[in-house]
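In our numbering, the protein residues as written are 1 to 313.
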Amino acid sequence: MSQIIATGSYLPDHYVSNDALIEQTHIESSDEWIKQRTGISGRHFVQGQQTVAELAINAAKNLLESLKEDISKQIQYIIVASMSSQGLTPSIASHIQGAIKATQAWAFDLNGACNGFVMALDVANSLSRAQSSGYTLVIGAEAMSQIMDFTDRSVCILFGDGAGAVLIKHDGQPLRGYRSQIHTQFDEQKAIQVPILGPSRGVMKMKGREVFNFVNRQVIPDLKEFVADASFDYLISHQANERLLALFSKQLHLKSSNIPCNIQHVGNMSAASIPVLIDQMVQKEQVHLDQSKTVVLVGFGGGLSWGFIQMKL
1 MSQIIATGSY LPDHYVSNDA LIEQTHIESS DEWIKQRTGI SGRHFVQGQQ
51 TVAELAINAA KNLLESLKED ISKQIQYIIV ASMSSQGLTP SIASHIQGAI
101 KATQAWAFDL NGACNGFVMA LDVANSLSRA QSSGYTLVIG AEAMSQIMDF
151 TDRSVCILFG DGAGAVLIKH DGQPLRGYRS QIHTQFDEQK AIQVPILGPS
201 RGVMKMKGRE VFNFVNRQVI PDLKEFVADA SFDYLISHQA NERLLALFSK
251 QLHLKSSNIP CNIQHVGNMS AASIPVLIDQ MVQKEQVHLD QSKTVVLVGF
301 GGGLSWGFIQ MKL
């Protein structure tokens, strides 16, 4: 079976606490108010001209440096999930390809918003199973601070920047214990959007109540069905809001220890949430990449899109 053999992540050096965010943006809020409603105490932001491609490159390099040999020339696919790319072309994946000299790779981006990493990993599994050797690099990377309106309290308190990566080693088979379910539907209510034209060009708009209703009405029932007969060690969810994680725990009758959470210090990093959390779990030795743990990944967000993956880590 193919296997995820390495992980990596990168968070910008600039850390912004709730109090610092309030002071810088002059929004009407407080540290306690933000923590009660989101579980977030702070987040990392890019500074100056730092791009989302740089975040992704750093995550990829951190992963590759953890390996005993240079496998860059053996990487066949580089897939990047992001909704905050600063340009239409070249892709973030192409920037990574150049930076790590993966000259044999087929590199492309995928925009599934907060469900992007789950979608990218599902594509990666489909591509990887056709290869008997080589590797696939899958990255979720976001510079959400560059597409936010910092006068909009409902949005700017939630998001952070960062990138996470996983490396799949091919052997002509799918990932061990792999099954998935991906859904999309048109967002008629425009609950999450980043327009490219008009006065709000490039600025994220989100209707929090609509997003919550979408998760409660659509995501949770589908997730219940997906895990109905499953046995797993961890539910690794997109870190949208600590309240939603608590709702998952209640609705699925799971202990909080089975739903890892890092939102307190990184915020909602959209497509980067899941891979950064996986890498942090590896660093804490909660998972060892020896396929001894069964995990369920849960993504949901703009599109609207939602998806689940069960596999061994």
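Note that CB positions come from ideal geometry on N, CA and C, so glycine has one too.
Residue burial classification, residue i (beta-carbon count within 10 angstroms, cutoff 16)
i, result
"Arg201", "exposed"
"Phe186", "exposed"
"Lys68", "exposed"
"Gln104", "exposed"
"Ser91", "buried"
"His44", "buried"
"Ile309", "buried"
"His253", "exposed"
"Leu235", "buried"
"Thr151", "exposed"
"Ser133", "exposed"
"Ser85", "buried"
"Asn216", "exposed"
"Ile34", "buried"
"Gly140", "buried"
"Asp109", "buried"
"Thr89", "exposed"
"Asp70", "exposed"
"Glu285", "exposed"
"Gly48", "exposed"
"Val267", "What sits at residue 267 in the sequence shown is Gly, not Val. Buried: at least 16 other Cβ atoms inside 10 Å."
Three-state secondary structure (DSSP) of residue i
i, result
"Thr151", "coil"
"Asn115", "helix"
"Phe232", "coil"
"Lys255", "coil"
"Gln310", "strand"
Within 8 Å, strictly: CB atoms of residue i and residue j
i, j, result
"Ala6", "Phe117", "no"
"Ile147", "Gly307", "no"
"Ala99", "Ile57", "yes"
"Gly164", "Val276", "yes"
"His170", "Tyr135", "yes"
"Gln291", "Leu313", "yes"
"Ala60", "Leu137", "yes"
"Asn213", "Gln239", "no"
"Gly42", "Tyr77", "no"
"Leu223", "Val298", "yes"
"Thr318", "Cys156", "Residue 318 cannot be examined here, being either before or after the span of the chain that is shown, 1 to 313."
"Ile259", "Leu244", "no"
"Ile168", "Ile4", "yes"
"Met311", "Arg209", "no"
"Ser72", "Ala53", "no"
"Ile40", "Gln218", "no"
Residue i versus residue j: straight-line alpha-carbon distance, rounded
i, j, result
"Ser256", "Ser249", "6 Å"
"Asp31", "Pro174", "45 Å"
"Ser9", "Gly198", "35 Å"
"Asp320", "Leu289", "Residue 320 falls outside the range modelled here, since the chain spans only 1 to 313, and no answer is possible."
"Val227", "Leu304", "21 Å"
"Met269", "Gln131", "31 Å"
"Ile220", "Ser237", "12 Å"
"Gln251", "Pro12", "34 Å"
"Glu28", "Asn62", "38 Å"
"Ile79", "Gln97", "10 Å"
"Glu188", "Gln74", "43 Å"
"Leu158", "Val46", "15 Å"
"Val211", "Glu65", "38 Å"
"Lys205", "Thr294", "36 Å"
"Ala191", "Ser231", "33 Å"
"Tyr178", "Ser126", "11 Å"
"Ser273", "Met144", "12 Å"
"Ser154", "Ser2", "41 Å"
"Gly302", "Ser180", "19 Å"
"Val194", "Val203", "5 Å"
"Met281", "Asp161", "19 Å"
"Trp106", "Phe300", "26 Å"
"Ser128", "Met83", "24 Å"
"Gly172", "Asp122", "15 Å"
"Ala93", "Glu142", "13 Å"
The ligand PLP heavy atom lying under 7 Å from the CB of residue i
i, result
"Glu32", "Absence of the ligand PLP from the depicted structure is noted, as is the absence of any ligand whatsoever, leaving it without description."
message = If we require 4 or more residues per run, which alpha helix (DSSP H) segments fall completely within the segment 156-221?
response = Assignment of alpha helix (DSSP H) within the segment 156-221, counting only whole runs of 4 or more residues, yields 208-214 in chain order.
request  = Any chance you could list the beta strand (DSSP E) runs of at least 3 consecutive residues sitting entirely within the segment 94-147, in chain order?
outcome  = Listed in chain order, they are 106-110, 135-143.
request  = Taking only runs that begin and end inside the segment 27-99, name each unbroken beta strand (DSSP E) of 3 or more residues, in chain order.
outcome  = The qualifying runs are 42-45, 75-81.
message = Give the list of continuous alpha helix (DSSP H) stretches no shorter than 4 residues that lie fully inside the segment 232-305.
response = Taking only runs of at least 4 residues, the alpha helix (DSSP H) segments lying wholly in the segment 232-305 are 242-252, 263-266, 273-283.
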